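The block underneath contains the structure these notes are about, expressed in structure tokens.
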Amino acid sequence: MTNSRLLPYLLVAPSVVFLGLLFVVPLVQTIVIAFTDQGGASLAHFRKMAGDLNFGLSLRNTFLLVAVVIPLQIGLALAMAVMLQKLEKGRDLVLWIWTIPLGVSDLAAGLVWLAILQDRGYLNSALFALGLIDGPTNWLSYENPTTLFIGIVLAEIWRATAIVLVILVAGFQLIPKEYNEAAEVFGATGWTRFRKITLPLLKPSLQSALILRTVLAFEVFAVVYALGGRNYPVLVGEAYTWMRDSQNDGVAAAYAILIMVISLAATLLYIRLLRTKPETQA
Amino acid sequence: MKRHIVATALLALATSWGSITGARAQSDTLFLSTQLRPVDETTLFRSLVLNAAPQKVTYAVEEPAAFTVRVEAETKAGKRTVSLLGALHGEIQPLVATSLDPVDDLVAAARAAGIPDNLITLGKLGTEKQQYIPWMQATYVMAAKKEALQYLPASADLNALTYAQLREWAANIQAKTGKRALGFPAGPKGLMPRFFQGYLYPSFTGGVVSTFKSAEAEAMWAEFKALWAHVNPGSTNYDFMQEALLAGDVMIAFDHVARLKDALIAAPNDYVTFPAPAGPKGRGYMPVVAGLAIAKDAPNRPGAVATINHLLSAKTQTTVAANLGFFPVMKADLPPDLPGGIKLLVEGVAKTQGAKDALVSLLPIGLGAKGGEFNKVYMDTFQRIVLRNEDIKTALAAQANALKAIIEDTKAPCWSPDKASSGPCPIQ
Chain A
0 MTNSRLLPYL
10 LVAPSVVFLG
20 LLFVVPLVQT
30 IVIAFTDQGG
40 ASLAHFRKMA
50 GDLNFGLSLR
60 NTFLLVAVVI
70 PLQIGLALAM
80 AVMLQKLEKG
90 RDLVLWIWTI
100 PLGVSDLAAG
110 LVWLAILQDR
120 GYLNSALFAL
130 GLIDGPTNWL
140 SYENPTTLFI
150 GIVLAEIWRA
160 TAIVLVILVA
170 GFQLIPKEYN
180 EAAEVFGATG
190 WTRFRKITLP
200 LLKPSLQSAL
210 ILRTVLAFEV
220 FAVVYALGGR
230 NYPVLVGEAY
240 TWMRDSQNDG
250 VAAAYAILIM
260 VISLAATLLY
270 IRLLRTKPET
280 QA
Chain B
0 MKRHIVATAL
10 LALATSWGSI
20 TGARAQSDTL
30 FLSTQLRPVD
40 ETTLFRSLVL
50 NAAPQKVTYA
60 VEEPAAFTVR
70 VEAETKAGKR
80 TVSLLGALHG
90 EIQPLVATSL
100 DPVDDLVAAA
110 RAAGIPDNLI
120 TLGKLGTEKQ
130 QYIPWMQATY
140 VMAAKKEALQ
150 YLPASADLNA
160 LTYAQLREWA
170 ANIQAKTGKR
180 ALGFPAGPKG
190 LMPRFFQGYL
200 YPSFTGGVVS
210 TFKSAEAEAM
220 WAEFKALWAH
230 VNPGSTNYDF
240 MQEALLAGDV
250 MIAFDHVARL
260 KDALIAAPND
270 YVTFPAPAGP
280 KGRGYMPVVA
290 GLAIAKDAPN
300 RPGAVATINH
310 LLSAKTQTTV
320 AANLGFFPVM
330 KADLPPDLPG
340 GIKLLVEGVA
350 KTQGAKDALV
360 SLLPIGLGAK
370 GGEFNKVYMD
380 TFQRIVLRNE
390 DIKTALAAQA
400 NALKAIIEDT
410 KAPCWSPDKA
420 SSGPCPIQ
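Protein chains in written order, with numbering that gives the first Met the number 0: chain A, 0 to 281; chain B, 0 to 427.
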């Protein structure tokens, strides 16, 4: 009797200990580092962070990237998931191909796009062959912030739309066919069915996808670093630079706390905005 | 957050690996270094130099930040696995207080090996005791493709360029070819801060800290901004100029010799090397010294001492120079059959050291762990003035405050070429 009551706890214990050791402890340490200076409680690191040359810029850049990338990714993933539902043959193969970027690490994805977009990259070679440019054009320099931004957006969409897609495809499969069939019998158009049946029933999956993608988007770093280096400062990049180059773990920890607060706020916002009443769940 | 976890995991890995190597430490000497990190250099160093050492040495490399963290973590844990430390002058400095075993017993041998006294004194790091023994030297030079020489201004002598002439040269190339062919290593891992600290500031203001926002500094930034108009905009992404040279993105480049080496070795006949330009106060240049230190409570001090003696032999020093591009710390005759690329580097360094107007600037001294933030002051100033077009005077005033905070925090007195100060180095 006692054994079977204890068993679930024994089974979850390793993962709880693991997360406790490798997440909660560093989290507490980070908070301590961020809020202490020379042995006492202090906001000095936050003041230094806020007064830094790149602070406002990295905050703006990160939010701009999130604001542009997330809606595009959700829209694209929705469209892809809908199209996937219509396929009769080869669905798995298409899904497979669409999710290849999931297997690529973000730094590798950044390097792939660097190979395409750099001075002597594939894009310039193609444009040169077509006679559209006369020589290497630097799309990623500080002088071309717009093309640099577009490059980063493209790379992020290529890299991380698949995760949204996978969540939405799973969500689609949870929607019972009967609703759609009934609506069809009553003469609802495809668009009406999508708006009135699919979207509302997809809300829980959309919520998960949005939370996951937004939190990850606020942590965007490797792709930006590979493509833009210092030219496009983002929050995590600043944390990295303060830690690695400036060797100031206090300011780096302050950035980490800020990113965590922003991610938490975004998560709470999604939970409130996309709340699904239990009785309306499929 | 994620990064912190990664750092913790890496630390855990490093310590578990450390305990494995620690078990062998009685017979081996673990040599941890921030130098010769690229894998081909590490391999060459192991096979050509350490295999000939009198006893077994395990050579491991770490990035500078991780190096400090590891050595200090071992000190805190009271569990030392590393015996011998190899790092740049400025990277050894933060370890003096906690993690080094002074090497006064090796000074006589270093002198006997022919290391000049001023270099040996540098190894005291401002303390009473000898903290490290100089290991190898390097510096920064300029390299240019020979095809760029046709655009050199007629009045200019390549080996005695001024900044104005460099600008004219780059402007000529741009006018004739449409390319901005001058490049600097201003990428995230590039050594651009050293250009400002060791070359630009000393050449124009005769100082680095005290003259930070002087009238000369204002004029200097205006001139550098004008020069930047002819600099390849990819420069803010270049970490190693050899890559930009090899790719043909730039024709003239400034960088650390070890970061130009691959291009020069690949095509020694295509390049010339020459000293960095001069300004009104002289031709600033920054010698880079790597040193060998022994960790406190080293598990194998005798092994570390034997390895240091091996590394100081004239034969080892010339082997390193001929194959790895770091130069001897003593006067040693380099073999006449040096590879072409290395020969170019040797010439570039000799011309730099021998320039009549040479003005030596030392790596920052006394900044401890604030060295990174010190570099940031110069890079931020560059970003504000040159890349973001801020008003020079305003930007310098704002950055001078950041500099002042670092200097007061560390109480670092002035170092050469700034005039010596009794207290923390004052900013005029």
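We treat Cβ as the ideally placed atom computed from N, Cα and C, and that holds for glycine. Note that the coordinates shown come from a computational prediction; the quantities given were computed from them, not determined experimentally.
Comparing alpha-carbon positions, which option in the options lies nearest residue i?
i: B:Ala321; options: B:Thr33, B:Leu311 and B:Gly340; result: B:Gly340
i: B:Gly278; options: B:Pro338, B:Leu358 and B:Lys314; result: B:Leu358
i: A:Met259; options: A:Val67, A:Lys202, A:Arg194 and A:Val219; result: A:Val219
i: A:Ser296; options: A:Ile162, A:Val24 and A:Phe34; result: Limits of chain A in this structure are 0 at one end and 281 at the other, which puts residue 296 of chain A out of reach.
i: B:Ala397; options: A:Ala255, A:Asp91, A:Gly227 and A:Leu52; result: A:Leu52
i: A:Tyr224; options: A:Ile256, A:Val23 and A:Ala108; result: A:Ala108
i: A:Gly102; options: A:Leu110, A:Leu201, A:Asn137 and A:Arg158; result: A:Arg158
i: A:Gly287; options: A:Arg243, A:Val31 and A:Leu226; result: Residue 287 of chain A falls outside the range modelled here, since chain A spans only 0 to 281, and no answer is possible.
How many whole angstroms separate the CB atoms of residue i and residue j, which I take to be in contact at a CB cut-off of 8 Å?
i: A:Thr266; j: A:Val214; result: 6 Å
i: A:Leu131; j: A:Leu122; result: Actually they are not in contact, since the Cβ atoms of A:Leu131 and A:Leu122 sit about 10 Å apart, beyond 8 Å.
i: B:Val288; j: B:Leu84; result: 14 Å between Cβ atoms; not a contact.
i: B:Thr138; j: B:Tyr284; result: 6 Å
i: B:Thr28; j: B:Ala303; result: 6 Å
i: A:Leu75; j: A:Thr160; result: 5 Å
i: B:Met135; j: B:Phe325; result: 4 Å
i: B:Val208; j: B:Asp408; result: Going by Cβ atoms, the distance from B:Val208 to B:Asp408 rounds to 13 Å, so no, they are not a contact pair.
i: A:Asp118; j: B:Asp248; result: 6 Å
i: B:Arg282; j: B:Ser202; result: 6 Å
i: B:Gln130; j: B:Val95; result: 5 Å
For a quick check, are the C-beta atoms of residue i and residue j less than 7 Å apart?
i: A:Val235; j: A:Glu155; result: no
i: A:Leu147; j: A:Leu139; result: yes
i: B:Leu366; j: B:Phe373; result: yes
i: B:Phe515; j: B:Tyr377; result: The structure shown has nothing for residue 515 of chain B, since chain B only spans 0 to 427.
i: B:Ser98; j: B:Val60; result: no
i: B:Thr235; j: A:Tyr141; result: yes
i: B:Ile405; j: B:Val102; result: no
i: B:Leu343; j: B:Leu244; result: no
i: A:Ser262; j: A:Phe217; result: yes
i: A:Met79; j: A:Leu164; result: yes
i: B:His229; j: B:Gln173; result: yes
i: B:Val328; j: B:Pro133; result: yes
i: A:Asp248; j: A:Ile30; result: no
With respect to the beta strand (DSSP E) encompassing residue i, which residues constitute its N-terminal and C-terminal limits?
i: B:Val60; result: Val56 to Val60
i: B:Asp440; result: What the structure shows of chain B is the stretch from 0 to 427, and residue 440 of chain B is not part of that stretch, so it cannot be assessed.
i: B:Gln136; result: Ile132 to Ala137
i: B:Phe239; result: Here B:Phe239 belongs to no beta strand (DSSP E), and DSSP marks it neither H nor E.
i: B:Ala72; result: First-last for B:Ala72: Pro63 to Ala76, but that is the alpha helix (DSSP H), not the beta strand (DSSP E).
i: B:Ala357; result: Ala357 to Val359
i: B:Ala29; result: Residue identity differs from the one stated: residue 29 of chain B is Leu in this sequence, not Ala. Unbroken beta strand (DSSP E) run through B:Leu29: Thr28 to Ser32.
i: B:Tyr270; result: Tyr270 to Phe273
Looking at the unbroken alpha helix (DSSP H) that takes in residue i, where does it start and where does it end?
i: B:Met285; result: B:Met285 -> no alpha helix (DSSP H), and no H or E assigned at all.
i: B:Gly340; result: Gly339 to Gly353
i: B:Tyr150; result: Looking at the DSSP string, B:Tyr150 is not in any alpha helix (DSSP H), and its letter there is neither H nor E.
i: B:Leu323; result: Ala313 to Leu323
i: A:Ser57; result: Phe54 to Lys85
i: A:Tyr121; result: Tyr121 to Ala128
i: B:Gly85; result: First-last for B:Gly85: Leu83 to Leu87, but that is the beta strand (DSSP E), not the alpha helix (DSSP H).
i: B:Ala262; result: Lys260 to Ala265
i: B:Tyr200; result: Tyr200 to Thr204
i: B:Tyr162; result: Tyr162 to Thr176
i: A:Tyr269; result: Asp248 to Leu272
i: A:Tyr283; result: A question about residue 283 of chain A goes unanswered here, because the residues of chain A that appear run from 0 up to 281.
i: B:Thr380; result: Gly370 to Phe381
i: A:Phe217; result: Leu198 to Phe217
i: A:Val163; result: Pro144 to Leu173
Short of 9 Å Cβ to Cβ, which residues in the region 129-153 of chain A face chain B?
Asp133, Gly134, Pro135, Asn137, Leu139, Ser140, Tyr141, Glu142 and Asn143
At a Cβ cut of 7 Å, what residues of the region 216-245 of chain B count as close to chain A, listed as they run along the chain?
Pro232, Gly233, Thr235 and Asn236
Near-chain A residues of the region 41-65 of chain B - C-beta to any C-beta below 7 Å:
Ala64
Check each residue of the region 403-417 of chain B: if its Cβ is closer than 8 Å to any Cβ of chain A, include it; give the result in chain order.
none
If contact means a Cβ-Cβ distance below 8 Å, which residues of the region 58-69 of chain A contact chain B?
none
Counting only Cβ-Cβ distances shorter than 7 Å, please list the residues of the region 166-193 of chain B near chain A, keeping chain order.
Gly186 and Pro187
If the cut-off is 9 Å on Cβ atoms, which residues from the region 179-199 of chain A count as contacting chain B, listed in chain order?
none
Where the region 237-249 of chain A meets chain B: residues whose CB sits under 8 Å from a CB there
Ala238, Tyr239, Thr240, Met242, Arg243, Asp244, Ser245, Gln246 and Asn247
Got a sec: which bits of the region 9-40 of chain A sit with their beta carbon under 7 Å from any beta carbon on chain B, in order along the chain?
Leu21, Phe22, Pro25, Leu26 and Thr29
Along the region 252-279 of chain A, where does the CB come closer than 8 Å to a CB of chain B? Name the residues.
Ala252, Ala255, Ile258 and Met259
When Cβ atoms are compared, which residues of the region 324-358 of chain B fall closer than 7 Å to chain A?
none
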